[in-house]
Amino acid sequence: MTDTEPAPAVSETAESIATMEIRGAATIASAAAEALAEQAEAAAAADATASDPEAFRASMRAAARTLRETRPTAVSLPNALRYVLQRMEGDSVDRLRRSVVDASDAFVEQLDRAQEDLGQVGANRLADGDTVMTHCHSTDALACIEAAVEQGKSISAVVKETRPRQQGHITAEALRDAGVPVTLIVDSAARRYLDEVDHVVVGADSIAADGGVINKIGTSGLAVNARERGVPIMTAAQTIKLHPETLTGHTVEIEMRDETEVIDPDAREEIGEIDVENPAFDVTPPRYMDAIVTEHGQFPPESIVTLMRELFGEGAAEPWAEP
Ligand code: RUB
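Heads up: the sequence shown begins at 1 in the UniProt record's numbering, then just goes up one per residue.
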């Protein structure tokens, strides 16, 4: 490790996030915070940085940039990096190291608590005997359903498979383990099954200042169909998903992933000259979402901006940039 080269643990985490071995906004955020703590331990022990506070700081910023570049849409990732780096302080490497490790631990603990708290809020929206429909795999959405079950409510689920990577399978397994009867369907069957559903529960990769919900591709179509069928839909999202840059007019970049997730190379070759596109996320306009459920309570999407201003002020610092 040179003075700005990330520790092996950081490179491994970055690789796992890029390849989606680590995935889902909350899980990405906590892995990134933990990777910064590992960077701090490694930098405090490395010759080039062990006795030079400025070199230590530079190595932390470089590690944060490596992590930051892995997935552009998950705003929880820069929010996690920001949380830890803004709490890095001290005039010796040992103090700096300790501040990073403490901030990382506090961040992970807060994430867990926030998920538990929002789970209670989301569970209150569900009634005994409800059937919910899910899309993709969201630990925040699952927290609501699991909390409802813990409240003694009987809940069953219609789980969308979620092409192209079928994260619905992870949701199906988690819900089955929680004792929830699960019916797995292909994405295109969703509208047909909405008539049998009382509530749609999805997560969010990020949430824009106008209340737009950025989540796994297919969420917006599901929301429009749910509205048309009169089925309420909620987004479960910790405030770590709020996108501070959208307060100043920036739009959220949608991640485009590899075409091999959509079609295998042999099938593509057989078809001949075509384009294949694979956007990972889409934006659900606020008017199609009934509520955003956070650890601070539930909000109509249009009012989420008030909470964002309270939490972030007017914008977002970039503590990983070179001074
Ligand atoms: C995951 C996805 C999830 C959100 C929220 O997409 O869209 O709904 O990230 O997840 P991917 P969580 O599989 O591409 O990461 O509630 O666990 O933070």
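Ideal Cβ positions, reconstructed from N, Cα and C, are used throughout, including at glycine. None of the values given here were measured: they were computed from a predicted structure.
Contact between the region 169-177 and the region 199-209 is absent: fewer than three C-beta pairs spanning the two stretches fall below 8 Å.
Between the C-alpha atoms of P72 and D128 there is a straight-line separation of about 39 Å. Per DSSP, the unbroken beta strand (DSSP E) holding T294 starts and ends at A291 to T294. Under the three-pair Cβ rule at 8 Å, the region 86-99 does not count as touching the region 261-272. Straight-line measurement puts the Cα of Q238 at about 43 Å from the Cα of I271. A buried status is given to A143, since no fewer than 16 other beta-carbon atoms sit within 10 Å of its beta-carbon.
Per DSSP, reduced to three states, the secondary structure at G221 is helical.
Between the region 226-238 and the region 148-165, the count of Cβ pairs shorter than 8 Å is below three; the stretches do not touch. Of the candidates T284, S76, A189 and E109, T284 places its Cα closest to the Cα of P301.
Spatial neighbours of A106 in its own chain (CB-CB distance under 6 Å, excluding positions within 5 residues in sequence) are not present. T66 is bridged by DSSP to nothing; it lacks a bridge partner. When distances are taken from the beta-carbon of C136 to the heavy atoms of the ligand RUB, the shortest one is below 6 Å. Taking all protein chains in view, the Cβ of A32 is crowded by 16 or more other Cβ atoms within 10 Å, so the residue is classified as buried. Between the ligand RUB and the CB of G272, the shortest heavy atom gap is not smaller than 6 Å. Contact check for T27 and T139: beta-carbon distance about 7 Å, within the 8 Å limit, so the pair qualifies. The straight-line gap separating the alpha-carbon atoms of A226 and D130 is approximately 15 Å.
If only complete runs of 3 or more residues are kept, the region 77-137 shows the beta strand (DSSP E) at 131-134, in order along the chain. Distance from the Cα of R98 is smallest, within the candidate group G152, L36, R65 and H135, for L36.
Not one heavy atom of the ligand RUB falls within 6 Å of the beta-carbon of Q120. For T235, the secondary structure class from DSSP, reduced to helix, strand or coil, is strand. Ranked by how close their Cα comes to the Cα of E318, the residues T19, E21 and R61 have R61 in first place.
With a threshold of 6 Å, the Cβ atom of A48 does not count as near the ligand RUB, since no heavy atom of the ligand is closer than that.
In terms of Cβ geometry, I207 and D282 do not form a close pair [threshold 7 Å]. Cβ contact annotation for Y288 (same chain, cutoff 8 Å, sequence separation greater than five): S220, A223, V224, A226, R227 and I233, in chain order.
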